[in-house]
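**Q** Could you have a look at this structure, given as structure tokens, before my questions?
Spelled out as structure tokens, the structure:
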């Protein structure tokens, strides 16, 4: 009986076990299937699902940590989250592309502000110190964020260049990334605008694109003048002024229809007498085109039209009448139809003034009386310097009325030229020569119209020569160092023995170097001092430093801008000759001038050292800069 009961219980237990196993297997299969379908529906094909009893195991490589978390959440939505076993991995994060590093820098009278993303390797303290030095006491707002990603190849060079530009520009916006720098700024004058553009074009880092847009206030011109000529030499502007871009377009379109095909050097300026200036000038130029020749001068609201000789009276009256009726109300016209000259005008008096490239001025020709002759001489002395003027004039009777005014106007026009000549005749005045001023022709035209009247006949043949431009002619940094080398050829900066006192013989050398550096402008220049090996090494280093400092002080006393200069004493290191001989020791006692150039980018370096002005740690830097050093004692 007992045995029978045991058998029954054992059979029941076996049946229950089999039923339980079947139930677990069924639950496992359903759970795995449900989770697998959910993952596929949500785009997680990369994940696989395994069952282990009531547990669901997820395996596979997720593209990101966020995708991994979404896959686990999806599985937890089908089965109890405690049953989900996470065996997922995440793809290597090093493959993630770094963000673009960029800085926006704003500078104005309120201070400097920075916003953007920079590499975490940047030395923020050095960067902040340099920005504060540029701000010169004004507030600095630093909104920069940092990212722990590799530094782009040209990042340091671009940042260094942008900070140098920021130091030049008081009102600017500078946008920087690793491959380009965009500079937008406002200057105080057109002259400053040109000088800043030249400075910014220097030392542009390799691999970095540069875009510069500097605006300048428009000049105020009075009288507001335009003169257009059409003769056998073709159409041309002697002076061209406009108040707006729209007015300039009107003027150039009318000139183009009259046959003008050259590039016009028109000036956008303030001081226009009327908002209809462009319309009035365009109509006047059109009239010259219709006459097929002549000269038109518009000075403020006065329009003076001179027709070509030989124009019929009827055609002249028709074209002038149409112009008079179509000109805006503010403008008044004066027209002249010249007649053929008679025999009495063939032998005309002349006055000639010439100016050589060396600045020597010779005056020849006729003046009406001795008083006028003295006035002309004094005026020339004031304009060109008494030592440069040679008088060859003579007093003559019968000169035309206004002759003295024409002579003085011609001399003033000549002062606008670097070299050239002025020929004054009763009916015309010719100015020709070279200049370093882009606006010289327009300035001369305004001068002659103001002095001689709008109907005055004059010809201006002036050529702009960039080498004569005092701004465009500024030498490059390398050219400055080369000029110092040339100036010290065969001469040395010398000191009293064992001291840092400059000798009297050295003063002319320093004078010549100072004149070169004044032209070069603000440049980062290193003044390096060296000695021979006589004496203790520490004392030699100290003496060389004192001598370099003495040269720097002497240049500053000569009004050289030395704020960007650096003086360093290297002592007896880096000899250029044998210290065993007297000649060699003499050669080793020297002063060298060299450019301070940005340090090369080293990939292993993890800080933005170049943001700080580089200071050499090895004496060999003085002689191994990219720019050759200029040597002296």
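In the working numbering, the protein residues as written are 5 to 637.
All C-beta atoms in this analysis are idealised placements derived from N, C-alpha and C, irrespective of residue type, glycine included.
Go ahead and pull the three-state DSSP assignment for residue 165.
**A** helix
**Q** Look up residue 469 in the DSSP assignment and give the residues it is bridged to.
**A** Per DSSP, residue 469 has no beta bridge partner at all.
**Q** Excluding the five sequence neighbours on either side, which residues of its own chain have a C-beta within less than 7 angstroms of the C-beta of residue 472, listed in chain order?
**A** Excluding sequence positions up to five before and after residue 472, its CB lies within less than 7 angstroms of the CB of 422, 438, 439 and 440, all in the same chain and listed in chain order.
**Q** So residue 358 is in the beta strand (DSSP E); what residue range does that whole segment cover?
**A** If you look at residue 358, you'll find it in the beta strand (DSSP E) that goes 355-359.
**Q** Based on the DSSP output, what are the partners of residue 395 in its beta bridges?
**A** 367
**Q** Assuming the contact rule is C-beta atoms closer than 8 angstroms, residue 176 and residue 220 should be a hit. Round their C-beta distance to whole Å, please.
**A** Their Cβ separation, rounded to whole angstroms, is 13 angstroms, which puts residue 176 and residue 220 out of contact at 8 angstroms.
**Q** At what residues does the alpha helix (DSSP H) containing residue 312 begin and finish?
**A** Careful: residue 312 lies outside any alpha helix (DSSP H) and carries neither H nor E.
**Q** With DSSP as the reference, identify every bridge partner of residue 425, one or two as the case may be.
**A** 358 and 436
**Q** Three-state secondary structure (DSSP) at residue 251?
**A** helix
**Q** Three or more beta-carbon pairs under 8 angstroms between the stretch 374-384 and the stretch 406-414, yes or no?
**A** yes
**Q** Out of curiosity, what's the CA-to-CA distance linking residue 443 and residue 417?
**A** 13 angstroms
**Q** Kindly indicate the opening and closing residues of the beta strand (DSSP E) around residue 53.
**A** Here the beta strand (DSSP E) through residue 53 covers 52-56.
**Q** What are the complete alpha helix (DSSP H) segments, minimum 4 residues, inside the stretch 187-215?
**A** 194-205
**Q** Less than 8 angstroms between the CB atoms is what I'm expecting for residue 282 and residue 255, so what's the real figure, rounded?
**A** 6 angstroms
**Q** Between which two residues does the beta strand (DSSP E) carrying residue 531 extend?
**A** Where residue 531 is concerned, the enclosing beta strand (DSSP E) stretches over 529-534.
**Q** Distance, Cα to Cα, residue 87 vs residue 33?
**A** 14 angstroms
**Q** For the putative contact between residue 209 and residue 158, defined by C-beta atoms under 8 angstroms, what is the C-beta separation to the nearest angstrom?
**A** 7 angstroms
**Q** Under three-state DSSP, which class holds residue 526?
**A** Correct three-state label for residue 526: coil.
**Q** Tell me the DSSP secondary structure of residue 265 in three-state form.
**A** coil
**Q** Can you list, in chain order, the residues of its chain with a C-beta nearer than 6 angstroms to that of residue 54? Leave out the 5 residues immediately preceding and following it.
**A** 61
**Q** Applying the criterion that 16 or more other CB atoms from any shown protein chain within 10 Å of the CB defines a buried residue, is residue 361 buried or exposed?
**A** exposed
**Q** Only counting runs of 3 or more residues, tell me where the beta strand (DSSP E) segments fall wholly within the stretch 129-158, in order along the chain.
**A** Taking 3 residues as the minimum length, the beta strand (DSSP E) runs contained wholly in the stretch 129-158 are 144-151, in order along the chain.
**Q** For a quick check, are the C-beta atoms of residue 172 and residue 178 less than 8 angstroms apart?
**A** no
**Q** Taking one C-beta from the stretch 534-542 and one from the stretch 572-587 each time, how about it: are there three or more such pairs within less than 8 angstroms?
**A** Contact between the stretch 534-542 and the stretch 572-587 is present, because at least three Cβ pairs lie under 8 angstroms.
**Q** So who's on the other strand from residue 246, going by DSSP bridges?
**A** 272
**Q** Quick test of the definition: if touching needs 3 or more C-beta pairs under 8 angstroms, does the stretch 136-152 touch the stretch 187-206?
**A** With the cut-off at 8 angstroms, the stretch 136-152 and the stretch 187-206 do not touch.
**Q** DSSP on residue 71, reduced to helix/strand/coil?
**A** helix
**Q** Looking at the structure shown, is residue 340 part of a helix, part of a strand, or coil, going by DSSP?
**A** strand
**Q** Kindly list the residues whose CB is nearer than 7 angstroms to the CB of residue 295, restricted to its own chain and excluding five residues on each side of it in sequence; keep chain order.
**A** 311, 312, 315 and 323
**Q** Between which two residues does the alpha helix (DSSP H) holding residue 235 run?
**A** For residue 235, no alpha helix (DSSP H) segment is defined; the enclosing uninterrupted segment is the beta strand (DSSP E) at 229-235.
**Q** Just how far apart, CA to CA, sit residue 118 and residue 453?
**A** 51 angstroms
**Q** How many whole angstroms separate the CB atoms of residue 430 and residue 352, which I take to be in contact at a CB cut-off of 8 angstroms?
**A** 6 angstroms
**Q** Counting C-beta neighbours from all protein chains within 10 Å, is the total for residue 359 16 or more, i.e. buried, or is it exposed?
**A** buried
**Q** Would you be able to state if there are at least three C-beta pairs under 8 angstroms between the stretch 242-253 and the stretch 209-218?
**A** no
**Q** In chain order, what residues of the same chain lie with their CB nearer than 7 angstroms to the CB of residue 500, ignoring the 5 residues before and after it?
**A** 507
**Q** Count the other CB atoms within 10 Å of the CB of residue 343; is the residue buried (16 or more) or exposed (fewer)?
**A** exposed
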